[in-house]
């Protein structure tokens, strides 16, 4: 068993599932939502394929395909998985496709307070002594199914009698079902999960029917902190183990995986190399589809902001992403505007993007860049995933690099304009990376922390996510920034045309698969002409960029030698003006010309404020003029964050209301400001920090709330 006393502040996150022995091929959820008790309860039906059959399939392929997790198999289906939802007051299920319903309040939870139903004696009356092995089996160990599981109360596990589904006999060699055996049920599931891709509608229909089939017996199970372990008496191998099971479970209100909050309206709310599935890369109409169908879901109070800022950007960004990367991996896109306590500016899942309402303020720049970042994840992070979860840069580094390219394309900037904007953003990220590396431990700065063990798993498929439980990691951007600078270095070395041509080729070859760093680098170097390779090698890239802390040597050389872009030089001139204004006496001398300030882009404003933050003192008159000149309190959240830093540093009390608003409405970005309010040891600022935390802590993301509480108390 895994040591359950892991320290959430520093230990690695364990992944226990024995995926090399047995793999989930599909799942169907049937859940009730109890808003009053803050519990989601119901069932998940899992359909398996055992490792032996998977290996046989793998050997039959010309090239060995990457094995995929249950999520990877499911999310790549271009139609949504069937998710029936039942009313919490009723025992009957409401079935339906392509939609879901939010249930009303259910009855109060009358279970024990900690929701622990893992004990077999409580759940199904099976003695724990039966967990070891079956005495009738002459002491031979039974097969153990291990599933990753945390913060769930498992109530019951049962085998699903798929043989009871009308018409299921078509998936067997027998025209009539007379004697039903475990082997026959498993044969049915095997035939179902391996149906050809062009039978996907029929496949989904039978998955739905099988999910409603009755039980044919309970299974023995127990849980620990990180896993659910299931046995069936007499089943000695994965082949013998039931291939369709139903797990009855419920979430815990205090669990970290589900956060409960309320919205602003007061309501709760070529031949592909991958395994066969309905793939858009093989569909002629999908290949040429620049803009996929899209919808936006938001609270009514944000409807106008969405229509003004977000809606016009979506088709532009989708079309731009298609021009850069090619075929959209998913058939549609929904965008959900999330509450203020969502702990990041955005997050991407198949078919859906969660976007922070903080992106809707100010001009369209922040909304556009963030939207491009999340759209880029459809290719890097979703269609192509990291085989080892410690290699986050394969997702976040690519999305960060591509967001600039896609956003420039969406704005239809000229080559020179695009270059200027991208150099300006590189300058901002360079400052951010320097700051992050100065304020973090070296072990947290490494992009490939497992080094030569990257991608290695145990015989069962279990592994760990390095630093996965360390809360410090939640607030770090090193995987975004160092990954971005590595890809920028490679693109500049190869030339944009060569690099992006390769990237489209890479996407076409590896979509639908899980990769490691070397997968990408090996193919890249194979496509680099000999004269452009210079000192490029996988070993050098590992050493300089992925396996060492601090700033990579090639990046140090580039920043020391490189001249700033024109947009950055313009900011430098404006900084000089503001410093001059700050040094002047209160009254301007007669005949002395008044400073005229240039209009600045949002990224230029950020750079300007970061330069001014380095000034030891700014008088209140300068701060007032800054605010008035650029209307800072109405800019986007990135600009307003720097403005709040200036307000706090120089104790500009007239603008404390801007800090208070930011901490309440932009919680994804506000954690750092709490620290600034406390470090000044100013009574009024500390009072402001405590006031804002008291107003938001109940709704705040738990990890963020814990970090802020450490700052305040």
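Residue numbers (our numbering): 73 to 785. Yeah, the Cβ is synthetic: ideal placement off N, Cα and C, and Gly gets one too. Model, not experiment: these values are computed from the prediction.
In the DSSP assignment, find the unbroken beta strand (DSSP E) run with residue i in it and report its ends.
{"i": "residue 419", "result": "418-421"}
{"i": "residue 621", "result": "Counting along the chain, residue 621 falls outside any beta strand (DSSP E), and DSSP gives it neither H nor E."}
{"i": "residue 288", "result": "287-290"}
{"i": "residue 366", "result": "366-369"}
{"i": "residue 98", "result": "94-106"}
{"i": "residue 231", "result": "224-232"}
{"i": "residue 823", "result": "Because residue 823 is not part of the residues shown, which for the chain are 73 to 785, the question remains open."}
{"i": "residue 414", "result": "Segment: none, residue 414 is in no beta strand (DSSP E) and carries neither H nor E."}
{"i": "residue 537", "result": "535-537"}
When the Cα of residue i is compared with those of the options, which residue comes out closest?
{"i": "residue 238", "options": "230, 249 and 231", "result": "249"}
{"i": "residue 592", "options": "607, 614 and 603", "result": "614"}
{"i": "residue 678", "options": "437, 474, 572 and 535", "result": "437"}
{"i": "residue 233", "options": "315, 272 and 532", "result": "315"}
{"i": "residue 723", "options": "748, 734 and 82", "result": "748"}
{"i": "residue 407", "options": "390, 398, 758 and 659", "result": "390"}
{"i": "residue 721", "options": "736, 703, 701 and 756", "result": "756"}
{"i": "residue 240", "options": "530, 476 and 261", "result": "261"}
{"i": "residue 421", "options": "413, 404 and 412", "result": "404"}
{"i": "residue 377", "options": "439, 333 and 344", "result": "439"}
{"i": "residue 504", "options": "585, 337 and 682", "result": "682"}
{"i": "residue 419", "options": "467, 388, 461 and 382", "result": "467"}
{"i": "residue 531", "options": "82, 477 and 92", "result": "92"}
{"i": "residue 295", "options": "704, 728, 225 and 584", "result": "225"}
{"i": "residue 672", "options": "333, 291, 251 and 493", "result": "493"}
What residues in its chain sit with their C-beta under 7 Å from that of residue i, if we drop five residues either side in the sequence?
{"i": "residue 481", "result": "392, 395 and 396"}
{"i": "residue 780", "result": "743, 746 and 765"}
{"i": "residue 171", "result": "Low per-residue confidence applies at residue 171: pLDDT is 31, beneath 50, and the placement is therefore not dependable, though the value from the model is reported in the following sentence. There are no such residues."}
{"i": "residue 502", "result": "631"}
{"i": "residue 563", "result": "571"}
{"i": "residue 590", "result": "610"}
Looking at the unbroken alpha helix (DSSP H) that takes in residue i, where does it start and where does it end?
{"i": "residue 495", "result": "487-510"}
{"i": "residue 115", "result": "Looking at the DSSP string, residue 115 is not in any alpha helix (DSSP H); the run it does join, the beta strand (DSSP E), is 111-122."}
{"i": "residue 314", "result": "Neither: residue 314 is in no alpha helix (DSSP H) and is coded neither H nor E."}
{"i": "residue 56", "result": "Lying before the first or after the last residue shown, residue 56 is absent from the chain, which here runs from 73 to 785."}
{"i": "residue 217", "result": "Run containing residue 217: none in the alpha helix (DSSP H); it sits in the beta strand (DSSP E), 217-220."}
{"i": "residue 696", "result": "692-702"}
{"i": "residue 257", "result": "254-265"}
{"i": "residue 761", "result": "755-768"}
{"i": "residue 592", "result": "589-598"}
Identify, in the order they occur along the chain, each residue of the same chain with its Cβ nearer than 6 Å to the Cβ of residue i, setting aside the five sequence neighbours on each side.
{"i": "residue 582", "result": "456"}
{"i": "residue 556", "result": "469, 472 and 473"}
{"i": "residue 285", "result": "232, 233, 234, 236 and 237"}
{"i": "residue 424", "result": "406"}
{"i": "residue 367", "result": "406"}
{"i": "residue 44", "result": "No statement about residue 44 is possible, as the shown extent of the chain runs from 73 to 785 and does not include it."}
{"i": "residue 643", "result": "676, 679 and 680"}
{"i": "residue 121", "result": "95, 97 and 265"}
{"i": "residue 147", "result": "Note that residue 147 scores a pLDDT of 31, beneath 50, so its modelled location is shaky and nothing firm can be said."}
Give every residue of the same chain whose Cβ lies closer than 8 Å to the Cβ of residue i, excluding the five residues on either side of it in the sequence, and list them in chain order.
{"i": "residue 774", "result": "328 and 331"}
{"i": "residue 495", "result": "636, 637, 639 and 640"}
{"i": "residue 415", "result": "546, 739, 740, 773, 775 and 776"}
{"i": "residue 687", "result": "651 and 654"}
{"i": "residue 400", "result": "352, 358, 361, 364, 390, 393, 394 and 450"}
{"i": "residue 718", "result": "681, 684, 685, 690, 695, 698 and 724"}
{"i": "residue 263", "result": "243 and 244"}
Please check the pair residue i and residue j, which I expect to be a contact at CB under 8 Å, by giving their CB distance rounded to whole angstroms.
{"i": "residue 708", "j": "residue 433", "result": "6 Å"}
{"i": "residue 760", "j": "residue 731", "result": "7 Å"}
{"i": "residue 119", "j": "residue 293", "result": "The pair is not a contact, with the Cβ atoms about 18 Å apart (cut-off 8 Å)."}
{"i": "residue 445", "j": "residue 472", "result": "7 Å"}
{"i": "residue 610", "j": "residue 597", "result": "7 Å"}
{"i": "residue 282", "j": "residue 231", "result": "In fact, because the Cβ distance is near 12 Å, the residues do not count as touching under 8 Å."}
{"i": "residue 218", "j": "residue 88", "result": "5 Å"}
{"i": "residue 90", "j": "residue 533", "result": "5 Å"}
{"i": "residue 222", "j": "residue 298", "result": "6 Å"}
Does the beta carbon of residue i fall short of 7 Å from some heavy atom of the ligand FMN?
{"i": "residue 304", "result": "Judged by which ligands are present, the structure shown has none, so any question about the ligand FMN falls away."}
- prompt: Between the stretch 503-514 and the stretch 615-634, do three or more beta carbon pairs fall short of 8 Å?
  reply: yes
- request: Would you check if there are 3 or more beta carbon pairs closer than 8 Å linking the stretch 304-311 to the stretch 544-554?
  value: no
Segment contact, 8 Å Cβ cut-off, at least three pairs: the stretch 596-604 with the stretch 361-371: no
- request: Tell me, please, whether the stretch 298-308 touches the stretch 91-104 by the rule of three or more beta-carbon pairs shorter than 8 Å.
  value: no
task: Decide yes or no for the touch test of the stretch 341-358 against the stretch 252-272: beta carbon pairs closer than 8 Å, at least 3 of them.
output: yes
message: Would you call the stretch 512-529 in contact with the stretch 564-574, where contact means no fewer than 3 C-beta pairs closer than 8 Å?
response: no
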